[in-house]
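When you read off a place in the sequence shown, starting at 1, and then add 419, the result is the number in my numbering. Below is one structure, written out as structure tokens; the observations come after it.
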Amino acid sequence: MSLPTGFEPIVRPGEPLAQHTWFRLGGAAEYFAEPRSVDELQALVRHCAAEGIQIRMLGGGSNVLVRDEGVPGMVVSLADPAFGAIKASGRKIVAGGGAKLGHLISVAVREGLAGLEPLVGIPGSVGGALHGNAGSRGGDIGQWTCRATVMTRTGEIVERDRDDLTFAYRESSLDDLVILHGEFELEKEDPEELTKRMQKYWIVKKANQPLGHQSAGCIFKNPRGMSAGMLIDQAGLKGSRVGGAEVCDLHANFIVADASASSQDVLRLIDLVRSRVSERLGVELETEIEIW
Ligand code: EPU
Numbered sequence: 420m421s422l423p424t425g426f427e428p429i430v431r432p433g434e435p436l437a438q439h440t441w442f443r444l445g446g447a448a449e450y451f452a453e454p455r456s457v458d459e460l461q462a463l464v465r466h467c468a469a470e471g472i473q474i475r476m477l478g479g480g481s482n483v484l485v486r487d488e489g490v491p492g493m494v495v496s497l498a499d500p501a502f503g504a505i506k507a508s509g510r511k512i513v514a515g516g517g518a519k520l521g522h523l524i525s526v527a528v529r530e531g532l533a534g535l536e537p538l539v540g541i542p543g544s545v546g547g548a549l550h551g552n553a554g555s556r557g558g559d560i561g562q563w564t565c566r567a568t569v570m571t572r573t574g575e576i577v578e579r580d581r582d583d584l585t586f587a588y589r590e591s592s593l594d595d596l597v598i599l600h601g602e603f604e605l606e607k608e609d610p611e612e613l614t615k616r617m618q619k620y621w622i623v624k625k626a627n628q629p630l631g632h633q634s635a636g637c638i639f640k641n642p643r644g645m646s647a648g649m650l651i652d653q654a655g656l657k658g659s660r661v662g663g664a665e666v667c668d669l670h671a672n673f674i675v676a677d678a679s680a681s682s683q684d685v686l687r688l689i690d691l692v693r694s695r696v697s698e699r700l701g702v703e704l705e706t707e708i709e710i711w
């Protein structure tokens, strides 16, 4: 694969992806792009579409495991501030797809806008959160989303209104290539009350999940009406290891990696957990993280 001249300022070949993910594992992207404007992004997307180059969007890197072999084609990051603006007005907030979800939540709380605070502590970008309908037991991002601006795989920019958006558990109809902006309609509340509530969510989360570790959020989706973490725990798998990857003692739906781990270790551990839970409890677990 070759790139035409003109993309050099924003595209790097052979970029190691481990440094861009929370797992800190995996190989390199054949090409890695950090566009600095919507126009640059659009030109790149159009080029990839015309040349048949596979293109993937990397969000905050907190819900992805990159294989050791690396990723063919183009990986695009919206880390440039051009994609991260957040603006509140009345009961609405518009946030760029590249903004950090945590930043959006803190702006909402500061403005006295309620709804997103149960999501505190969820890492990643606004685009990633919308793509996978990130959430917690207190709610998900989709329920507050009233509009989105996306870029399709052919580089077209499209507005999608509430009627055109559907969200379910860790699922969203926002399956276009890029989420450029999300618009959220929230509820007015006293910022001090909101701050207290957010702090409570944060304390519970910190006590139950290994937030500071080399990890990637919950590995498996919760099967309907059940908790994957509880099932993995009941199957006696806490502390199970493959190489440098271990089922977390604090919460069994997390896998934590150490400095010696490879992606292959994590993948083998995922297989082990799935087969043990299936054998012992008769439940088939499905991964929540994306495996590249
Ligand atoms: N439990 C165990 N052992 C464990 C883990 C959990 O027995 O190792 C039990 C808990 O004691 C509790 C029940 O399982 O009775 C549920 O646990 P928890 O409240 O931690 O919720 P969860 O269903 O495991 C879900 C989301 C989390 C989210 C929390 C809190 C999924 C897959 N997980 O976890 O989201 O933070 O609720 O709202 O939907 C994520 O999606 O990446 C994620 C971390």
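Every residue gets a Cβ at the ideal spot worked out from N, C-alpha and C, and that includes glycine. Given the structure is predicted, the values throughout are model-derived calculations rather than measurements.
Residue i versus residue j: straight-line alpha-carbon distance, rounded
i	j	result
GLU611	GLY531	8 Å
ALA498	ILE710	21 Å
GLY561	GLY546	12 Å
LEU422	PRO454	15 Å
GLY445	GLU575	31 Å
CYS667	SER679	16 Å
THR571	ASP595	5 Å
ASP684	ASP487	10 Å
GLN438	VAL494	13 Å
ALA626	ILE472	43 Å
GLY509	GLY534	14 Å
GLY663	GLY636	17 Å
ASP582	VAL661	46 Å
ARG475	CYS467	11 Å
ASN482	HIS670	16 Å
GLU606	LEU630	28 Å
ASP609	LYS619	16 Å
PRO432	ARG687	29 Å
GLU705	PRO642	8 Å
Candidates the options: closest to residue i by CA position
i	options	result
LYS511	VAL685, HIS466 and GLY601	GLY601
ILE689	SER659, GLY489, LEU700 and CYS467	SER659
PRO428	SER481, TRP441 and LEU460	LEU460
ASP580	VAL528, SER555, PRO432 and GLU604	GLU604
THR568	VAL661, GLY662 and LEU584	LEU584
PHE502	ARG687, ARG475 and ASP458	ASP458
GLY554	CYS565, GLY540 and ARG566	GLY540
PHE426	ARG443, THR440 and TYR450	TYR450
ARG566	PHE586, GLY557 and GLY558	PHE586
Proximity below 7 Å, CB of residue i to CB of residue j
i	j	result
LYS506	ARG589	no
ILE598	GLY516	yes
GLY648	GLY543	no
LEU613	GLU536	yes
SER682	LEU523	no
ALA753	VAL513	Past the boundaries of the shown model lies residue 753; the chain is included only from 420 to 711, so the question cannot be answered.
LEU462	VAL430	According to the sequence displayed, residue 462 carries Ala and not Leu. Their beta carbons are not under 7 Å apart, which means ALA462 does not touch VAL430 by this criterion.
ASN672	ILE708	no
ASN552	SER525	no
HIS632	VAL675	yes
GLY480	TRP441	yes
LEU593	LEU549	yes
Exposure of residue i, with buried meaning 16 or more beta-carbon neighbours within 10 Å
i	result
VAL577	exposed
GLU665	buried
GLU703	exposed
GLY644	exposed
SER694	exposed
LYS519	buried
SER634	buried
ALA622	The question names Ala, yet the displayed sequence has Ile at residue 622. Burial call: exposed.
SER496	buried
ALA527	buried
GLU434	buried
ALA654	buried
THR424	exposed
THR573	exposed
ASP677	exposed
Bridge-paired residues (DSSP) for residue i
i	result
VAL569	VAL577 and ILE598
PRO758	The chain is shown from 420 up to 711; residue 758 falls before or after that span and cannot be answered.
ILE474	MET493
LEU691	Answer is none; LEU691 lacks a bridge partner.
ASP787	For the chain, the structure presents residues 420 to 711; residue 787 sits outside this window and is missing.
PHE603	ILE512 and THR564
PHE586	SER591
GLU709	VAL483
ARG660	GLU665
LYS519	SER544
Chain D contact for residue i (CB, 7 Å cutoff)
i	result
GLU602	Among the chains of the structure shown, chain D does not appear; only one protein chain is present.
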